[in-house]
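Trainee:
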Amino acid sequence: MNNRMRCRIFLTLSFGILMFVFGFFVCYEGKIKIINKWTQNSEKLQERKKPVNNLIYPVFKHPLAPPYPFPYRFIINQPEKCKNQKPFLVIMVLVQSQDLASRHTIRETWGNESIYDVEIVPERVQDMLEEESRIFGDIIQQDFMDTYYNLTLKTLMGMEWVTKFCPSASYVMKIDNDMFLNVNYLIHNLLYPNIPVRTNYFTGDIAKNTGPLRDKAYKWYVPPEVYPNDTYPPYCKGPGYVFSADIAKNIYDIAQEIRVIPMEDSFIGICLYELHIPLSEPPRGAFNTNRLHYDHCKFRKLITVHHYGGKVLRNTWADFWAKKSQKCTESRN
Ligand SMILES: *[C@@H]1O[C@H](CO)[C@@H](O)[C@H](O)[C@H]1NC(C)=O
Ligand SMILES: *[C@@H]1O[C@H](CO)[C@@H](O)[C@H](O)[C@H]1NC(C)=O
Ligand SMILES: *[C@@H]1O[C@H](CO)[C@@H](O)[C@H](O)[C@H]1NC(C)=O
């Protein structure tokens with residue numbers, strides 16, 4: 021990162037069983053203004069016709085549909101985080117409450133800053149978490165159960181947080197906790213701090229022509245009552261996607277009106293479909309939701325690689341960072 025930027029991190033969790041989002045700020049002192057657009061967009065939202073996946077009754081309930089909207093409260097929050105700065109990038113990392121290890125690894129590698137812990141369990145864990153939040157100031161937590169089927173709520177918590185507490189951000193990245201992330205490449209070769217901030221921009225590893233699994237044997241079974249259509253609109257695969265921060269509010273707003281489904285990435289795709297926001301094609305191969313064998317020169321031109329965690333991520337990162345100024349000869353593919 022060059023001199024004009026300073027980095028800050030923060031992260032977020034939610035509780036019950038915990039969820040957490042962890043944000044990484046790259047503070048860019050530029051002329052970036054996006055707030056006005058948001059109000060315009062929400063006016064547009066009112067005019068839209070009823071979404072296909074709309075709530076039939078104000079209280080649509082299904083055991084496999086994450087309960088939403090619901091006034092989940094922020095139990096741990098960082099409301100001051102963006103008061104005096106306009107982050108260029110906020111990174112939300114979804115981590116399970118008990119997964120201290122991967123938060124650790126992330127803070128020491130590409131998220132270099134803090135650590136925190138969470139668990140489903142008793143008060144002591146909550147105490148520890150609050151302590152962790154005091155120390156690192158990067159945790160957000162809401163009061164819903166952190167279960168597999170509630171994953172979407174974590175992402176929505178992140179959208180809500182950006183909407184309410186960090187509307188001045190330029191871009192947001194949502195990422196899982198077992199990823200290699202090349203922050204420099206993301207900033208300088210995809211987002212470009214020196215160009216005006218894009219709006220309605222959403223990119224990642226795009227999934228097309230998929231649909232809900234209707235067989236109850238699957239872990240990810242989705243009943244028609246929860247999502248009626250046979251296909252999902254295109255969406256960016258969950259492990260890592262990036263969007264302009266103006267979209268956070270639009271997604272948060274539309275999520276108040278439609279049935280939330282347990283697959284967070286497909287759900288965000290449905291929101292974008294309802295909002296008529298198209299996905300942008302990423303640089304070819306830059307977002308990898310599969311594992312790739314580590315190669316320093318190859319990884320320099322990637323944004324994400326899946327299935328890098330723990331010791332492997334630490335070692336990979338150490339090598340990657342140590343060689344950051346080393347020359348790579350252009351490969352021809
Ligand atoms: C972050 O990086 C700095 C500089 O390399 C290092 O001194 C610090 O210990 C790192 N922080 C963590 C949590 O690893
Ligand atoms: C999701 O969270 C809500 C609120 O904490 C909880 O009532 C519900 O049981 C959870 N759903 C699942 C499927 O775990
Ligand atoms: C669902 O199907 C209906 C009817 O074919 C179509 O109009 C609508 O656009 C679809 N919705 C999504 C989210 O794909």
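In this note's numbering, the protein residues as written are 21 to 353. For glycine and all other residues, C-beta sits at the position ideal for the given N, C-alpha and C. Every value quoted in this text rests on a predicted model; they were computed, and no experiment measured them.
1) Run through DSSP, which three-state label would Arg123 get?
2) Examine ligand 3 and report whether any of its heavy atoms sits within less than 7 Å of the Cβ of Thr251.
3) Less than 8 Å between the beta carbons of Tyr205 and Ile323, yes or no?
4) On the DSSP letters alone, give me the boundaries of the beta strand (DSSP E) that Ile195 sits inside.
5) Count the other C-beta atoms from every protein chain shown that fall within 10 angstroms of the C-beta of Leu109, then say buried if there are 16 or more, exposed otherwise.
6) Using the three-state DSSP reduction, which class does Lys236 fall into: helix, strand or coil?
7) With respect to the beta strand (DSSP E) encompassing Cys256, which residues constitute its N-terminal and C-terminal limits?
8) Identify whether Leu84 lies in helix, strand or coil by the three-state DSSP scheme.
9) Between the Cα of Tyr328 and the Cα atoms of Phe156, Asp266, Thr129, Gln161, which residue gives the shortest distance?
10) Buried or exposed: where does Tyr238 fall if 16 or more other Cβ atoms within 10 Å of its Cβ makes it buried?
11) Around the Cβ of Leu292, are there at least 16 other Cβ atoms within 10 angstroms (buried) or fewer (exposed)?
12) Does the distance between the C-beta of Ile290 and the nearest non-hydrogen atom of ligand 3 fall short of 7 Å?
13) How about Asn170: is its Cβ closer than 7 Å to a heavy atom in ligand 2?
14) Is any non-hydrogen atom of ligand 3 found closer than 7 Å to the C-beta of Tyr293, if you look at the structure I gave you?
Mentor: Let me lay it out:
1) Position 103 of the sequence shown, counted from the first residue, corresponds to residue 123. Three-state DSSP puts Arg123 in a helix.
2) For the purposes of this step, residue 251 is taken as residue 231 along the sequence shown, with counting starting at 1. Checking every heavy atom of ligand 3 against the Cβ of Thr251, one is found closer than 7 Å.
3) Along the sequence shown, read from residue 1 onward, the residue named residue 205 stands at position 185. Along the sequence shown, read from residue 1 onward, the residue named residue 323 stands at position 303. Their beta carbons are under 8 Å apart, which means Tyr205 touches Ile323 by this criterion.
4) Here the question's residue 195 lines up with position 175 in the sequence shown. First-last of the beta strand (DSSP E) with Ile195: 191-196.
5) Translated into the one-based positions of the sequence shown, residue 109 becomes position 89. Classification of Leu109: buried, given that the 10 Å Cβ count is 16 or more.
6) As a working note, residue 236 is residue 216 in the sequence shown. Assignment of Lys236 by DSSP, reduced to helix, strand and coil, places it in the coil class.
7) Sequence index remark: in the sequence shown, residue 256 carries index 236 (1-based). Per DSSP, Cys256 belongs to the beta strand (DSSP E) from 255-264.
8) Here residue 84 refers to the residue found at position 64 when the sequence shown is read from its first residue. Three-state result, Leu84: coil.
9) Locating residue 328 in the sequence shown gives position 308, counting from the first residue. Looking at the Cα atoms, Thr129 is the closest of the given residues.
10) The residue labelled residue 238 in the question sits at position 218 within the sequence shown. The residue in question, Tyr238, is exposed, as its Cβ has fewer than 16 Cβ neighbours within 10 Å.
11) As a first step, residue 292 must be located in the sequence shown, where it is residue number 272. That one is buried.
12) Taking the first residue of the sequence shown as position 1, residue 290 is located at position 270. Checking the Cβ of Ile290 against ligand 3 gives yes.
13) The residue given as residue 170 occupies position 150 in the sequence shown. Yes, the Cβ of Asn170 comes within 7 Å of a heavy atom of ligand 2.
14) By one-based count along the sequence shown, residue 293 stands at place 273. Within the cutoff, so yes.
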